[in-house]
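First residue of the sequence shown? That's 39 in this note's numbering, and the numbers climb one at a time after it.
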Amino acid sequence: MAVAATLSQRKRVKRKAPRGFLRRVFKRRKPHLHLGTRCDLLVHLNCLLFIRRLAEESRTDACKNKCGIIKDQHVLAAAKVMLKKSRG
């Protein structure tokens with residue numbers, strides 16, 4: 039039964055980046071910008087990496103508090119730490 043559950047989850051995962059959606063958002067928000075051909079892929083990758091780092095940081099924060107479940111307070115604390123680190 040576990041094999042069937044994992045196979046159905048694999049089918050739902052999108053393998054492609056939403057390039058059309060990202061291009062449309064760029065054009066609506068900043069029509070004067072002339073972006074490169076693969077700029078949308080770089081933005082998508084940057085978002086994925088940020089979410090991954092946020093998940094790792096919130097998990098470590100939850101472990102510090104000896105909590106088995108990641109709560110919204112852990113995510114908010116992790117976001118504050120990450121934004122401070124990214125300022126430079």
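The C-beta atom is built at its ideal place from N, Cα and C for all residues, glycine as well.
All values derive from a computational prediction rather than experimental measurement.
Cα-Cα separation between residue 120 and residue 92, rounded to whole angstroms: 7 Å
Cβ separation of residue 70 and residue 96, assumed to be a contact under 8 Å, to the nearest whole Å: Wrong, their Cβ atoms sit about 37 Å apart, outside the cutoff.
For residue 67 and residue 73, the rounded distance between their alpha carbons: 13 Å
Residue 108 and residue 100 closer than 9 Å at C-beta: yes
Residue 76 in three-state terms, based on DSSP: coil
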